[in-house]
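Asker: This is the structure I have questions about; it appears just below.
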Amino acid sequence: MLAKSNGVSSRKKSKVVETPVDTNATAGDGLSTTALLPTSDVMSLTKALALDCEMVGVGYEGKRNALARVSLVNQWGNLVYDKHVRPQEYVQDFRTAVSGVRSRDLRKAEDLYTVQKEVIELLKGRILVGHALHNDLKVLMLTHPKKSMRDTHSYAPYCNNGRPRALRHLASLYLGCQIQEGEHNSVEDARAAMALYQRVKDEWEKSLRYKGSKSHDKDKASSKTPEGKDLKTSRGRK
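With the working numbering, letter number 125 in the sequence shown gets 176, and the count goes up by one each step, no holes.
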């Protein structure tokens with residue numbers, strides 16, 4: 052359901068120290084046996100939102116991806132948007148073993164255009180967090196400003212010798228929880244991505260500010276032409 056909010060909550064933000072997990076969750080919940088839990092009960096939209104999508108197969112032999120579910124969580128891991136989406140083409144493969152999506156989930160699903168409009172409105176002016184966000188944005192057929200994206204898939208400190216790690220490996224290594232042991236759950240995956248971002252948020256944002264300042268200084272320096280060069284060019288035109 053679309054979350055109604057005027058913006059970031061005025062309540063004091065709680066810093067994530069460790070990620071709570073529910074060791075009593077069952078496979079029937081659609082979540083792993085150690086499911087990630089929200090770190091606060093605040094349900095409002097926040098400056099950063101984490102996105103994850105589930106996909107089904109369409110086209111020849113069901114090899115092309117089509118959006119089937121979209122989930123967004125706020126910085127505390129609380130769900131602010133979660134909808135199944137009706138693919139524009141006939142579904143050849145529900146990929147239930149991985150996507151967790153079944154035919155019954157799409158019978159009364161929302162159309163893609165409506166979901167696109169709602170997601171655009173929710174993400175406007177916000178930081179978008181996720182894992183391999185290019186895949187999610189591709190099936191959503193949307194774009195987002197690169198400067199406002201935080202992708203745990205390509206974040207250097209989370210990579211292994213420059214190679215991206217799978218989300219489930221990052222969750223196990225840094226959050227101490229097991230995810231994607233069977234059917235995937237877009238809510239859980241979005242929570243994992245957000246938790247991974249929150250644990251290094253200060254360092255991540257600091258590194259981006261540093262890169263931004265260096266880039267600005269470089270552009271500023273390159274725009275300055277030495278006085279002697281100006282004179283030489285001017286004379287050459289006579």
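Think of the CB as a built atom: it goes at the ideal place given N, C-alpha and C, for glycine as much as any other residue.
Everything numeric in this text was worked out from a predicted model, so none of it was measured.
Grab me the residues of Tyr248's own chain with a C-beta within less than 6 Å of its C-beta, minus the 5 sequence neighbours each way, in chain order.
Answerer: Cβ within range, chain order: Val180 and Arg201.
Asker: Check each candidate in Leu157, Lys134, Gly108 and Gly176 and name the one with the smallest Cα separation from Lys198.
Answerer: Nearest C-alpha to Lys198: Gly176.
Asker: Could you give the residue range of the beta strand (DSSP E) that holds Leu102?
Answerer: Element bounds for Leu102: Ala99 to Val109.
Asker: Would you identify the three-state DSSP class for Val132, choosing helix, strand or coil?
Answerer: It should be pointed out that residue 132 corresponds to Tyr in this sequence rather than to Val. Looking at Tyr132 - three-state DSSP - the assignment turns out to be strand.
Asker: Tell whether a beta-carbon distance below 7 Å holds between Leu130 and Val251.
Answerer: The answer is no: Cβ separation not under 7 Å.
Asker: I need the boundaries of the beta strand (DSSP E) containing Ile230, first residue and last residue.
Answerer: Where Ile230 is concerned, there is no enclosing beta strand (DSSP E), given that its DSSP letter is neither H nor E.
Asker: Name the one or two DSSP bridge partners that Asn211 has.
Answerer: Asn211 is bridged to Arg214.
Asker: If I measure Cβ to Cβ from Lys189 and keep anything under 7 Å in the same chain, skipping five residues before and after, which residues do I get?
Answerer: Nothing meets the Cβ criterion.
Asker: Check for me: the beta strand (DSSP E) holding Gln143 runs from which residue to which?
Answerer: Note, Gln143: beta strand (DSSP E), Val142 to Asp144.
Asker: Residue range of the beta strand (DSSP E) that Asn116 falls in?
Answerer: Segment Arg115 to Val124, the beta strand (DSSP E) holding Asn116.
Asker: Give me, in chain order, the residues of the same chain whose beta-carbon lies closer than 8 Å to that of Tyr141; leave out the 5 immediate sequence neighbours on both sides.
Answerer: Excluding residues within five positions, the ones whose Cβ falls inside 8 Å are Val109.
Asker: With distances taken from CA atoms, which of Gly263, Val152 and Arg242 is nearest Ser91?
Answerer: Of the candidates Gly263, Val152 and Arg242, the one whose C-alpha sits nearest the C-alpha of Ser91 is Arg242.
Asker: Val170 to Leu221, Cα distance in whole Å?
Answerer: Rounded to the nearest angstrom, the two C-alpha atoms are 26 Å apart.
Asker: Do you know how far the Cα of Tyr132 is from the Cα of Met106?
Answerer: When rounded, the distance between both Cα atoms is 17 Å.
Asker: I'd like the list of long-range same chain contacts for Leu234, defined as Cβ closer than 6 Å, with 5 residues on each side in sequence excluded.
Answerer: This sequence places Glu at residue 234; Leu is not what is there. Result list for Glu234: Gly151, in chain order.
Asker: Could you name the residues of the same chain whose beta carbon sits closer than 8 Å to that of Trp255, not counting the 5 residues immediately before and after it, in chain order?
Answerer: So the list reads Arg201, Tyr206 and Tyr248, once near-sequence residues are dropped.
Asker: At a cut-off of 6 Å, is Asp162 close to the ligand FMN when judged by its beta-carbon and the heavy atoms of the ligand?
Answerer: In the structure on display, the ligand FMN does not appear, and there are no ligands present to speak of.
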